[in-house]
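Take a look at the structure set out below.
In the working numbering, the protein residues as written are -12 to 39.
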């Protein structure tokens, strides 16, 4: 059910990308804040690369 909701709200994402995002969010919750901000900047780079 969660997958279907996510597909409706993010139609441009494939199911495996959604799983990766949920997994990453779970990991981020367990990490210290400085690691979170580092990964955040990496994700920003990755998403801007995908758009280009």
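From the three backbone atoms N, C-alpha and C, an ideal C-beta is built for every residue, glycine too.
Are residue i and residue j touching if we call contact CB-CB under 8 Å?
i: residue 32; j: residue 15; result: no
Excluding the 5 residues flanking residue i on each side, which residues of the same chain have their C-beta closer than 7 Å to its C-beta?
i: residue 8; result: none
i: residue 19; result: none
Taking the alpha helix (DSSP H) that residue i belongs to, which residues open and close that run?
i: residue 15; result: 2 to 17
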